[in-house]
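6 protein chains.
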Amino acid sequence: MLREQVLGVAVKQINRAPKKQIERLETLGSATVHEAQKRVGQLEPSLKPVFQGARIAGSAITVLLQPGDNWMLHVAMELAQPGDIIIASCTTSNTDGFFGDLLASSALAQGVKGLIIEGGVRDTRDLKEMNFPVWSKAISIRGTVKNTLGSVNVPIICAGQQINPGDIVIADDGICVVPYENAKIVADAGEKRETYESEKREEFDKGVLGLDLYKMREPLKKAGFKYFETNEDLKNSI
Amino acid sequence: MLREQVLGVAVKQINRAPKKQIERLETLGSATVHEAQKRVGQLEPSLKPVFQGARIAGSAITVLLQPGDNWMLHVAMELAQPGDIIIASCTTSNTDGFFGDLLASSALAQGVKGLIIEGGVRDTRDLKEMNFPVWSKAISIRGTVKNTLGSVNVPIICAGQQINPGDIVIADDGICVVPYENAKIVADAGEKRETYESEKREEFDKGVLGLDLYKMREPLKKAGFKYFETNEDLKNSI
Amino acid sequence: MLREQVLGVAVKQINRAPKKQIERLETLGSATVHEAQKRVGQLEPSLKPVFQGARIAGSAITVLLQPGDNWMLHVAMELAQPGDIIIASCTTSNTDGFFGDLLASSALAQGVKGLIIEGGVRDTRDLKEMNFPVWSKAISIRGTVKNTLGSVNVPIICAGQQINPGDIVIADDGICVVPYENAKIVADAGEKRETYESEKREEFDKGVLGLDLYKMREPLKKAGFKYFETNEDLKNSI
Amino acid sequence: MLREQVLGVAVKQINRAPKKQIERLETLGSATVHEAQKRVGQLEPSLKPVFQGARIAGSAITVLLQPGDNWMLHVAMELAQPGDIIIASCTTSNTDGFFGDLLASSALAQGVKGLIIEGGVRDTRDLKEMNFPVWSKAISIRGTVKNTLGSVNVPIICAGQQINPGDIVIADDGICVVPYENAKIVADAGEKRETYESEKREEFDKGVLGLDLYKMREPLKKAGFKYFETNEDLKNSI
Amino acid sequence: MLREQVLGVAVKQINRAPKKQIERLETLGSATVHEAQKRVGQLEPSLKPVFQGARIAGSAITVLLQPGDNWMLHVAMELAQPGDIIIASCTTSNTDGFFGDLLASSALAQGVKGLIIEGGVRDTRDLKEMNFPVWSKAISIRGTVKNTLGSVNVPIICAGQQINPGDIVIADDGICVVPYENAKIVADAGEKRETYESEKREEFDKGVLGLDLYKMREPLKKAGFKYFETNEDLKNSI
Amino acid sequence: MLREQVLGVAVKQINRAPKKQIERLETLGSATVHEAQKRVGQLEPSLKPVFQGARIAGSAITVLLQPGDNWMLHVAMELAQPGDIIIASCTTSNTDGFFGDLLASSALAQGVKGLIIEGGVRDTRDLKEMNFPVWSKAISIRGTVKNTLGSVNVPIICAGQQINPGDIVIADDGICVVPYENAKIVADAGEKRETYESEKREEFDKGVLGLDLYKMREPLKKAGFKYFETNEDLKNSI
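Chains as they are written, first to last, in our numbering: chain A, 1 to 238; chain B, 1 to 238; chain C, 1 to 238; chain D, 1 to 238; chain E, 1 to 238; chain F, 1 to 238.
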């Protein structure tokens, strides 16, 4: 239970991380950020990109939807600032098409960078043509109504993670969330990791093996790992 | 139970909607048609396109398959007319690859526009190269035999919808079915909706918010929706 | 239970099929090979390509992983020869991202043709850019550690099939495994089938129906299959 | 598309099969009835009994629900006659708890024999205590509202089968539907089968093998089936 | 991201609701509590009881597990007071058997009322015999190790809900969480609802229809709902 | 690929472990055996008991089925000896009801102890009444035919494990397989473990904590685990 997750409310002002830090996190991508954050913050992989290749990061405008009802997405549109990402979940499991080409037009006009939704979307051909990136649980042509109150900019649970308004979401082939107040610290750690990985990549490209690069031969032996020349040798040893 | 869903029969002549109406429905796409039809006729989203980007509409040649057996697809090929779509389901859940490059060659030669199958298909690289659009439940290299009798052009249940021979199926990122006798009435409603949506889209592109465009501010207030400046304000109000 | 599936061992020398036979199988593709092998050897379709369009065949370097641990992939890299394919499964169901851009760099440097893994992978954008084909059960940004011993080049069960080290795996939109000692016999059968299918394809392209090409009209009649002119005729006959 | 599946209507009078035939079908059970009906009419096994051991058959009062809304179940209750079974599906996939102890009280008071629902139910402890048998897709404590119109006694698609009002549904560890007009013919076939099976069962109990009882030894040999004394013999023969 | 969800920590003292309020919530059961709480707080129905018929409520001792590792359950055991419920989730999806008969012995000795775990458990026969109620995502004989640090009594996300240490969890055929500070207010609302429902139940038992009890006939008519005598009448009206 | 997994064959004589060892393994149960065998041999938990509470162990009569065809189960019945267990998988994923009350009668008459099947079964009420334990992937009333050749007593892959004829399968709330030649060694290890666990259980029953019993306090501290009195203390430390 999120204490502030009441229905029928919207919060206008949210905390946002500095633009520069968000850009750094976007450059790093979700996997490196997740690693830099000590492996917390991953949304369940059941949310998948509607089209391949996009990578975005932005401040979260959180939306709590009612099943089959996208009213709150319109409320969110007004509260979003350019560069924000709308992230929505639903009070009960639902795969209807909450979002399509019309709302994407509106989002683009407001400068919204993308949508992450634990629900369904439609008009995926248009979304791709408009280059508006979306991550969703399902694709469904079934439209929705505008009848029942949810909330905007309250904490939500989306794909197994709590998202607070203003938290930074980084999405590409996965999705990771970073608390807004940690943006710089995580970006620092991520870039350090990136540098480290670049060095490793160069070595790998030259043909150096991970066994040598990470000095694993000794630990393997210590752990009792054994090499056999052939399968026969292995059989004889059992 | 579909009374006419007997095994071992094929019906040669089926009712088809006028070509012009089918073209109008194809232009509209499955999501708009579904909306125009008052949200009925959607096939379950578990049927997915084998490759992205295609949109087709056509009269349904219905096929009832036996598990692991694609005999009836050959019978269907003869009864199909140019512009038809073959839509198949199976007497029991089965994901074998009922359809591959050979049958696609045959389908293209007969002028068949595409295949929708609650089952598996194979050779998806070839299907894409041949630009023969297919929607299926699975992709499987496991081929099938030609031993047991199903039926062609009897009513079937496919992905949760009854399909009668000659019904119009519209497929893109979703699939919708329209009774052949309703083609014009649904196309009319769909185009009206399309016009309405185009006007909305123009407004959205200009930056007008859905809240204003759909005059939602008053209804939101009436429903008890409340805005707070900050999260603190919200907490204090609970 | 695989008797030789002990933990903490690696076998250096494995049996490989002749390069030429592997190339023939690669040209044929998984569906034809599966058919040529009398429909055995298909891995479950839950393993899917990370990007579309690749087709590879190679000798299997088998890897038994522990959950959340990719140590053994580094061991495998040293034992792989150019042209080999790494195929990995896990001692318990796990979808973490065992493999990403760094290991892909290493694999490319060693001449490894691709990866098949009953587990998760990350950095799919990079994998596509590097053109390193991967088939996996999941995509996950969650990285792994290097702590616990699995094995390399012991028999494994992957996606429902036993894979012995050196067995040939053929992967495109599906995956099929061929015992290394059967390479030639299966390639022969596959090419024969391919020739047969090419002839059929030509006939299909000309518009000949499967009913005629496969002489199905007589068997259909014998099996009791009946044609009706119209749905009314069918109803009257029930 | 079911032509008569309009929203916002109820039909008062439906065709029912004679009580005696329904009783015969109930005695036979769903598996034997399915067999007697030549293996058509099985609802998908995703619908499961809330508690084990019940077996019922009755005339179908069909209900088309809206997601998260059980209004129509109240309408159905008035139209049901003692011995009827309520069978419900939803316009979109939904697992909310449409039915609980209160509605079960009402159903029992009206003489309804049970509920089959492609949706969720709640209060399963009470349902078991009240001995009111229910088959559902899910168990969920999430209650529903009474706001939106569905329909009662129109044809529906439920778990992959079309159900017409008055069709006979037989439910135990599976569910089968029989057209009301076929009740006697199917009951006859089922009892014949039952007799046949009883004779077989007696033989089986005595230790007679199926191979002998069904005279399978000859057909096996004809099909090329071969016995080997030991695994070594088999290996040598390959 | 839960800010306080760090790894490697345990909090000794937690807030608990008064025993009396917890007892009232237990009597009400999860479905009524969920309703009384305005339909928030339901855990996903993917967590299921290991054996039927149990109903418990208690203060949450929260546990964050690492995959394949049950170390933290031992830490939790010391911090639990009689009447508490242990509720655990894992840093990554995992179905291993974290809990079996030994830990159940320990839990019973400490007065723990039950376990809720988004993971697997084993020894279910013993759990039933010991009458120790467990709700889990899976049943698996695969045991776990005690190697890696998680946390105890930090906020966790379990089956889609945030659980704070000390929150009240009510579990029977579903699971609902109530913030500890709301215990009385929710129990009050629940008992009011219970009284209301009892009155309704009496009426239902007498045979009064929901249509009359809830005065639905007028609203139905207003919403445009129409009755037809027969299916023919309905058809003629379309 | 299992080299000996040819179609259309049966092997008459198989290796069996001594009766006494099988009895010891049965007494231990699947979880303890799995642990004693160093955590290998677990079948995927997707196979579930048709009714609760049974525990059996026996020598495996392996059956390779064709989809929708139970012919080979009759062949298996003749080759089974009293105390054996029939374990079956299918050449392709299939949930039809391969086994029902008739075959159970035959199995009981032959002294077969139970059935494990990666497929569907029917007549579960009868199976329970007859006390014939079955583990299956699905329950389905859909019967099968006797047309196509599979094999009996060849190695099979069932639920992710290779099963050789004569291997010992232990099934209760999970399933574990033990190579027949290892029966004694595994039973010895299991009983040792059982003794060890009994001692622990006594301690747990007295209220001793796992932290003390397993001497975990020191390792926890070494790993950096920290206790805080209150949530406030934890927050201040972050």
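All C-beta atoms in this analysis are idealised placements derived from N, C-alpha and C, irrespective of residue type, glycine included. Just so it is clear, the structure is predicted and the values come from calculations on it, not from any experiment.
**Request:** Using alpha carbons as the reference points, say which of F:E218, F:N236, F:D212 and F:P179 lies closest to P18 (chain F).
**Result:** When only C-alpha atoms are compared, the closest one is F:P179.
**Item:** Short CB-CB distance (under 8 angstroms) between S30 (chain B) and chain A
**Value:** Chain A contact via Cβ: present.
**Asked** Since Q162 (chain C) is in the beta strand (DSSP E), which residue starts that stretch and which ends it?
**Response** That run of the beta strand (DSSP E) goes Q161 to I163.
**Request:** Have a look at L7 (chain A) and P155 (chain E) and give me their C-alpha separation to the nearest angstrom.
**Result:** One C-alpha to the other measures close to 22 angstroms.
**Prompt:** Can D139 (chain F) and C176 (chain D) be called in contact, C-beta distance under 8 angstroms?
**Reply:** The sequence given here has Ile at residue 139 (chain F), not Asp. Result no, Cβ atoms of I139 (chain F) and C176 (chain D) do not sit closer than 8 angstroms.
**Prompt:** Apart from the five residues on each side of it in sequence, which residues of its chain come closer than 7 angstroms, Cβ to Cβ, to L234 (chain B)?
**Reply:** So the qualifying residues of the chain are F228.
**Message:** Quick check: what's the CA-CA separation for E35 (chain A) versus I56 (chain C)?
**Reply:** If you take the alpha carbons of E35 (chain A) and I56 (chain C), they lie about 31 angstroms apart.
**Message:** I want to verify the contact list: residues of chain B whose CB lies under 9 angstroms from the CB of A138 (chain A), in sequence order.
**Reply:** P45, listed in chain order.
**Asked** According to the neighbour-count rule (16 or more other Cβ atoms, all chains shown, within 10 Å of its Cβ), is Q110 (chain F) buried or exposed?
**Response** The residue in question, Q110 (chain F), is buried, as its Cβ has 16 or more Cβ neighbours within 10 Å.
**Asked** What does G160 (chain E) touch in chain A if you count any residue whose Cβ is under 8 angstroms from its own?
**Response** Chain A residues near G160 (chain E): I157 and G160.
**Asked** What residue does the beta strand (DSSP E) around F204 (chain F) start on, and which one ends it?
**Response** Premise fails: F204 (chain F) lies in the alpha helix (DSSP H), A183 to K206, not in any beta strand (DSSP E).
**Request:** Rank B:L213, B:I185, B:S105 and B:L79 by C-alpha distance to the C-alpha of A60 (chain B) and give the top, closest one.
**Result:** Minimum Cα distance to A60 (chain B) is reached at B:L79.
**Residues that A57 (chain F) bridges to, as DSSP identifies them** = Answer by DSSP bridge pairing, in chain order: F:I170.
**Prompt:** CB Q161 (chain D) to CB G41 (chain D), shorter than 8 angstroms?
**Reply:** Yes, Cβ-Cβ distance for Q161 (chain D) and G41 (chain D) is below 8 angstroms.
**Request:** Measuring alpha carbon to alpha carbon, tell me which of F:A171, F:E203 and F:R125 ends up nearest G53 (chain D).
**Result:** It is F:R125.
**Request:** Using only the heavy atoms of the ligand FAD, determine whether one of them is closer than 7 angstroms to the beta carbon of A88 (chain B).
**Result:** For the structure depicted, the ligand FAD is absent and the ligand set is empty, with no information on it obtainable.
**Message:** With the cut-off set at 8 angstroms, would you say V134 (chain D) and F98 (chain D) are in Cβ contact?
**Reply:** Contact annotation: V134 (chain D) and F98 (chain D) have beta-carbon atoms that are not nearer than 8 angstroms.
**Request:** Check the C-beta distance from N70 (chain A) over to K137 (chain A) and give it rounded, since I have them as a contact under 8 angstroms.
**Result:** Between K137 (chain A) and N70 (chain A) the Cβ distance is about 15 angstroms, and since that is not below 8 angstroms, they are no contact.
**Prompt:** Taking DSSP as the reference, what is the three-state secondary structure of T124 (chain F)?
**Reply:** In this structure, T124 (chain F) counts as helix in the three-state DSSP scheme.
**Message:** Buried or exposed, going by whether 16 or more other CB atoms sit within 10 Å of the CB of P165 (chain F)?
**Reply:** Burial call: buried.
**Prompt:** In chain order, what residues of the segment 165–189 of chain E put their CB closer than 8 angstroms to some CB of chain I?
**Reply:** Here chain I cannot be found, since the structure's protein chains are A, B, C, D, E and F.
**Message:** Can you give me the C-alpha to C-alpha distance between N153 (chain A) and I117 (chain E), rounded to a whole angstrom?
**Reply:** N153 (chain A) and I117 (chain E): Cα-Cα distance of roughly 30 angstroms.
**Request:** Below 8 angstroms between beta carbons is the criterion; list the residues of the segment 82–114 of chain A that meet it against any residue of chain D, in chain order.
**Result:** Those residues of the segment 82–114 of chain A that come within reach of chain D (Cβ to Cβ, closer than 8 angstroms) are T92, S93, N94, T95 and D96.
**Prompt:** Taking DSSP as the reference, what is the three-state secondary structure of D69 (chain E)?
**Reply:** Strand at D69 (chain E).
**Message:** Below 8 angstroms on C-beta distance, what does A10 (chain E) contact in chain F?
**Reply:** The answer, in chain order, is F225, K226, Y227 and F228.
**Top-ranked residue by Cα proximity to A10 (chain B), from B:R201, B:G174, B:V63 and B:V208** = The shortest Cα separation from A10 (chain B) among B:R201, B:G174, B:V63 and B:V208 belongs to B:V63.
**Prompt:** What is the rounded straight-line gap between the Cα of I85 (chain F) and the Cα of A171 (chain F)?
**Reply:** Between I85 (chain F) and A171 (chain F), the C-alpha separation is close to 10 angstroms.
**Message:** Helix, strand or coil, according to DSSP, for P219 (chain A) in the structure here?
**Reply:** In the structure shown, P219 (chain A) adopts helical secondary structure according to DSSP, grouped into three states.
**Request:** Please name the residue, chosen from F:R24, F:S151, F:Q13 and F:K12, that lies closest to K192 (chain F) on a Cα-to-Cα basis.
**Result:** Ranking F:R24, F:S151, F:Q13 and F:K12 by Cα distance to K192 (chain F) puts F:R24 first.
**I141 (chain A): first and last residue of the uninterrupted beta strand (DSSP E) it sits in** = Looking at the DSSP string, I141 (chain A) is not in any beta strand (DSSP E), and its letter there is neither H nor E.
**Beta-carbon proximity list for A159 (chain B), same chain, < 6 angstroms, skipping 5 on both sides** = Excluding residues within five positions, the ones whose Cβ falls inside 6 angstroms are L43, E44, L47 and E118.
**Message:** Can you pull out the residues from the segment 53–70 of chain B whose beta carbon lies closer than 7 angstroms to at least one beta carbon of chain F?
**Reply:** Flagged, chain order: P67 and G68.
**Request:** Could you tell me the distance, in whole angstroms, from the CA atom of D123 (chain E) to the CA atom of E232 (chain F)?
**Result:** Spanning the alpha carbons of D123 (chain E) and E232 (chain F) requires a straight line of approximately 38 angstroms.
**Request:** With DSSP as the reference, label T148 (chain A) as helix, strand or coil.
**Result:** Coil at T148 (chain A), not helix or strand.
**Message:** Is R142 (chain D) close to chain A? Criterion is C-beta to C-beta, closer than 8 angstroms.
**Reply:** For R142 (chain D), the answer is yes, since a Cβ of chain A falls inside 8 angstroms of its Cβ.
**Asked** At which residues does the beta strand (DSSP E) containing S89 (chain B) begin and terminate?
**Response** Where S89 (chain B) is concerned, the enclosing beta strand (DSSP E) stretches over I85 to C90.
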